[in-house]
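Colleague: Protein chains in written order, with numbering that gives the first Met the number 0: chain A, 0 to 249; chain B, 0 to 179.
Positions of the beta carbon are idealized from the N, C-alpha and C atoms, including for glycine.
The structure's right below; bear with me while I get my questions together.
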Amino acid sequence: MTETAAYAGYAPDAAPPSFVVELTEFSGPLDLLLTLIREEQVDIYDIPIARIAAQFVLRIRTLQLNEAADYLEMAARLLRIKAQMLLPRTDGEEAWDDPRAELVRRLLEYQQMREVVDVLERAGEERRNRFARAYIPQAPAPPEAPLALSLSELLAAVDRILRIARDPAIHDVIPRAIDVPGAITVIRDLLAIRARARWTDLVPYGAEPWQVLSTLLGLLEMAKLGECRVAQPRPFANVEITRDAASEAA
Amino acid sequence: MTPLAKLLEAALFASARPIPTEELAALDPEASKAALAAALDELREHYDVDGHGVELVELGGGWQILTRSEYTEAIERAQLAARPARLSAAALETLALIAYRQPIGRAEIEEIRGVSVGSVLKSLHERGLIDVVGRGEGMGRPLLYGTTPIFLEYFALRHLDELPRADELAVALRAEPKAI
Chain A
0 MTETAAYAGY APDAAPPSFV VELTEFSGPL DLLLTLIREE QVDIYDIPIA
50 RIAAQFVLRI RTLQLNEAAD YLEMAARLLR IKAQMLLPRT DGEEAWDDPR
100 AELVRRLLEY QQMREVVDVL ERAGEERRNR FARAYIPQAP APPEAPLALS
150 LSELLAAVDR ILRIARDPAI HDVIPRAIDV PGAITVIRDL LAIRARARWT
200 DLVPYGAEPW QVLSTLLGLL EMAKLGECRV AQPRPFANVE ITRDAASEAA
Chain B
0 MTPLAKLLEA ALFASARPIP TEELAALDPE ASKAALAAAL DELREHYDVD
50 GHGVELVELG GGWQILTRSE YTEAIERAQL AARPARLSAA ALETLALIAY
100 RQPIGRAEIE EIRGVSVGSV LKSLHERGLI DVVGRGEGMG RPLLYGTTPI
150 FLEYFALRHL DELPRADELA VALRAEPKAI
């Protein structure tokens, strides 16, 4: 057999491969095998198994553990085919089943797939080079103007709040502790049934100053904890409280 | 341009994804199929003939306005947009098999590629390029995979028929090995 002759003349250690290839360049044992067949310029239908098997084993010496199984399985398969090729053939040449046939079929199948890969790669590259609107990130929203308040506006606001609140009877004032936990409970209950509430929903008309303060502190505390979001579209507008999406998901 | 072409242009401009022909038709219920096709042709010609930086492309079962490829470099340099990462060789091989043999199970893909493909299938699925389309016969009733509309979009294909047929490929599997 020319096969055996070729192998005899081939000494793996004496003839290093023409170029060093990282195994990660191959997407699998079949890829490596096809590359070897191409490099050695042999006929895919008449693979000199011994030579290719030796090359294959040479290339997989520096195996990464996670790809070892796939390559070793192929190496074992090649060696088995090599062994089958070495068996003396009986006279009936016609009846001889080429042990390489299955490998050739797989290589052709793999090669066909590689051809499709080329088609896909070209198409993908063409699309990659064209942008749709989605790929253009939206310009960041201009930062909101800092809240500018004059002292008189602030005082007017305090005045308005206090006017809404019932005049406390100064002469018989009962010192009432501010009830922040209570206010938090009220806000939580409200947010449990409504995703969005307004300040005026929380503080009824005519609320006493301690109620206003409790609700305000409770609201700030919840905002700090991330339970809700507090927003005011413009100065003196009704404060909008929304359930925080993140805490809702939790 | 005709009013219908302008309407289509506005809708296509507003959309980040390709708009299917049926949805374009719904924009103007009075417009006939022929009128719609004519308007799309008109819009495409408008971009092509008058020389625009964008073009009208039919892909993924719909229509989309895309920038012309000659401006990619400049747009990317200005960091206005970035090209998506290329798919790995392993991902492309797996996709190629799924595109041609769908519905196809994991075992068959591994048999042809000669490597295990679990993690590749997972990432392709996460990117929306493939989906489970059914279950096969046999032990464990394996999951069968197929490509999605996003696959068509990713490769700018109108439909799967646009890929060369298996018998048109240079390596035809029907060829029997030569007698030795």
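With 16 other CB atoms within 10 Å as the buried threshold, where does S213 (chain A) fall?
Modeller: buried
Colleague: Spell out whether any CB of chain A is found under 8 Å from the CB atom of I129 (chain B).
Modeller: Nearest CB-CB separation between I129 (chain B) and chain A: not below the 8 Å threshold.
Colleague: Mind checking the region 101 to 116 of chain A against chain B and listing, in chain order, the residues whose C-beta falls within less than 9 Å of any C-beta there?
Modeller: The residues in question are V103, R104, R105, L107, E108, Y109, Q110, Q111, M112, R113, E114, V115, V116.
Colleague: When you compare only the Cα positions, how much space is there between E54 (chain B) and Y204 (chain A)?
Modeller: 60 Å
Colleague: Quick check on M221 (chain A): buried or exposed, where buried means 16 or more other Cβ atoms within 10 Å of its Cβ?
Modeller: buried
Colleague: Let me check understanding here. Comparing Cα to Cα, which of A:A122, A:L106, A:L57, A:R60 lies closest to L86 (chain B)?
Modeller: For L86 (chain B), the nearest C-alpha among the options comes from A:A122.
Colleague: Since R76 (chain B) contacts G52 (chain B) with CB under 8 Å, what's their CB separation in whole angstroms?
Modeller: About 15 Å; that fails the 8 Å criterion.
Colleague: Cβ of V20 (chain A) less than 8 Å from any chain B Cβ?
Modeller: Any reading at V20 (chain A) is ruled out, since the residue's pLDDT is 43, under 50, leaving its predicted position unreliable.
Colleague: Hey, L168 (chain B) and T146 (chain B): beta-carbon distance below 8 Å or not?
Modeller: no
Colleague: Against chain B, does D252 (chain A) count as a neighbour if the rule is that its beta carbon must be under 8 Å from one of theirs?
Modeller: Outside the shown range of chain A, which is 0 to 249, sits residue 252 (chain A), and nothing can be said about it.
Colleague: Where does the unbroken beta strand (DSSP E) through G205 (chain A) begin, and where does it stop?
Modeller: First-last for G205 (chain A): undefined, no H or E at that position.
Colleague: Quick one, are the C-beta atoms of A155 (chain B) and L58 (chain B) less than 8 Å apart?
Modeller: yes
Colleague: When you compare only the Cα positions, how much space is there between Q54 (chain A) and R99 (chain A)?
Modeller: 17 Å
Colleague: Show which residues of chain A have a CB atom less than 8 Å away from the CB atom of Q101 (chain B).
Modeller: What Q101 (chain B) touches in chain A: nothing, since even the nearest Cβ is about 12 Å away.
Colleague: Give me, in chain order, the residues of the same chain whose beta-carbon lies closer than 7 Å to that of Y46 (chain B); leave out the 5 immediate sequence neighbours on both sides.
Modeller: Contacts found: V53, E54, L55.
Colleague: Could you tell me the distance, in whole angstroms, from the CA atom of A84 (chain B) to the CA atom of N128 (chain A)?
Modeller: 11 Å
Colleague: Tell me where the alpha helix (DSSP H) around D158 (chain A) begins and ends.
Modeller: 150 to 163
Colleague: Please say whether F12 (chain B) and I97 (chain B) have beta carbons closer to each other than 8 Å?
Modeller: Remark: C-beta atoms of I97 (chain B) and F12 (chain B) do not approach each other more closely than 8 Å.
Colleague: Could you compute how far the alpha carbon of S17 (chain A) sits from the alpha carbon of F25 (chain A)?
Modeller: A caution first: S17 (chain A) carries a pLDDT of 40, below 50, which makes its placement in the model too unreliable to give a value.
Colleague: Where does T1 (chain B) sit, in a helix, a strand or coil, going by DSSP?
Modeller: It is coil, neither helix nor strand.
Colleague: Between B:A38, B:A95, B:A30, which has its C-alpha nearest V115 (chain A)'s C-alpha?
Modeller: B:A95
Colleague: How about G133 (chain B): is its C-beta nearer than 8 Å to some C-beta of chain A?
Modeller: Not flagged as an interface residue toward chain A: G133 (chain B), since no C-beta distance is shorter than 8 Å.
Colleague: Compute the Euclidean distance between the alpha carbons of G133 (chain B) and L29 (chain A), then round it to the nearest angstrom.
Modeller: 28 Å
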